[in-house]
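*Asks:* For the sequence shown, the numbering used here gives the first residue as 34, with consecutive numbering after it.
Don't be surprised by glycine CBs; every beta carbon is placed ideally from N, CA and C.
Predicted, not measured: the structure shown is a model, and the values here were computed from it.
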Amino acid sequence: MDAETSLGGNLNAAVRVGDTVRRQAGPWTPAVHALLGYLEAAGFEAPRVLGTDERGREVLRFIAGEAHSGTAEPVPDRIVAEDHLVEAARLLRRYHDVVVGFEPPPDAIWRLTAPTAHELICHNDWSPWNALVRDGRLAAMLDWDLAGPGTRLWDLANAAYCWVSLISAARLFTVGERARRLRLFCDGYGLEDRAKIIPAMRLRILHVARFVTERARAGDPGFLKLVAMGVPAGMAADAAFLEEYRSTLERAL
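#1: How about residue 285 and residue 237: are their beta carbons less than 8 Å apart?
#2: According to DSSP, which residues form a beta bridge with residue 173?
#3: Would you kindly work out how many angstroms separate the C-alpha atoms of residue 77 and residue 248, rounded to a whole number?
#4: With a threshold of 8 Å on Cβ separation, who are the neighbours of residue 13 within its own chain once the five nearest residues in sequence on each side are excluded?
#5: From this set, 99, 124, 276, which residue's C-alpha is nearest residue 208's C-alpha?
#6: Just to confirm the assignment, what range does the alpha helix (DSSP H) spanning residue 89 have?
#7: Are residue 158 and residue 176 close, meaning C-beta to C-beta below 8 Å?
#8: Name the DSSP bridge partner or partners of residue 99?
#9: I'd like to confirm the pairing. Which residues does DSSP put opposite residue 182 in its beta bridges?
#10: Please state the DSSP three-state secondary structure of residue 53.
#11: Can you tell me where the alpha helix (DSSP H) with residue 241 in it begins and where it stops?
#12: Taking only the alpha-carbon atoms, compute the straight-line gap between residue 282 and residue 215 and give it to the nearest angstrom.
#13: Looking at residue 135: is its Cβ nearer than 8 Å to the Cβ of residue 154?
Structure below.
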């Protein structure tokens with residue numbers, strides 16, 4: 034077997050072996066593989082499922098391009114440039130328009146489920162840390178382990194939170210710049226009703242903070258790592274940030 038090269042990752046560390054990527058499988062893996070198979074058949078670029086290896090790890094086809102190795106490292110400025118911001122919104126919209134026809138297996142188990150209506154399968158983690166860049170453009174969405182039932186708005190709220198850089202600890206942009214970026218992201222997605230986006234972001238941030246804490250208490254190594262990184266506390270601060278600057282953000286929409 035070819036040598037393994039670490040590709041990073043917080044929840045499930047990935048390694049490259051030749052032209053494949055190997056990741057730890059879990060109860061959610063069959064449902065995610067069904068989703069990825071559907072996307073492949075629909076012509077939407079995403080990791081291609083090749084099966085499992087002798088260690089029980091999922092085996093995916095390696096996709097060439099530039100990708101981030103995890104949230105512990107800063108995101109390069111070029112990835113969060115405005116052209117990529119708009120591309121990210123458009124790619125999410127295209128994914129939603131494609132995945133709306135997907136029918137999950139009846140016994141599907143998902144790692145993260147939204148406390149909302151379930152109108153489609155969300156990526157649930159679309160961020161600059163899970164983007165593949167090729168030839169200067171966003172080419173694919175990576176890391177589908179958190180995919181699960183939710184709504185377009187639920188998925189969009191998380192993506193906007195990450196891509197706009199509404200994370201309170203971020204120092205990349207001023208509040209005014211973030212407000213403008215939020216409008217650009219909503220424009221790129223084609224969101225018509227924008228009154229619900231900020232409340233949805235705050236709800237999702239708090240929901241995921243609880244989810245991370247609960248999974249860590251259950252002993253999940255990936256989520257223990259996130260707690261050690263201060264993710265739940267940071268998300269609580271992010272929710273407070275959104276509340277403090279809500280009027281500024283809403284005026285920009």
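*Replies:* With the structure as the only source:
#1: It is not a contact, given that the beta carbons lie outside the stated cut-off.
#2: Answer by DSSP bridge pairing, in chain order: 165.
#3: In a straight line, the C-alpha of residue 77 is about 31 Å away from that of residue 248.
#4: The requested residue 13 is not part of the displayed model; the chain covers only 34 to 286.
#5: The option with the nearest alpha carbon to residue 208 is 276.
#6: Segment: none, residue 89 is in no alpha helix (DSSP H) and carries neither H nor E.
#7: Contact flag set, yes.
#8: In DSSP, residue 99 forms a bridge with 166.
#9: Residue 182 is bridged to 154.
#10: For residue 53, the secondary structure class from DSSP, reduced to helix, strand or coil, is strand.
#11: Taken as a continuous stretch (DSSP letters only), the alpha helix (DSSP H) holding residue 241 covers 230-250.
#12: Linking residue 282 to residue 215 through their CA atoms gives a straight-line distance of about 8 Å.
#13: Cβ atoms of residue 135 and residue 154: closer than 8 Å.
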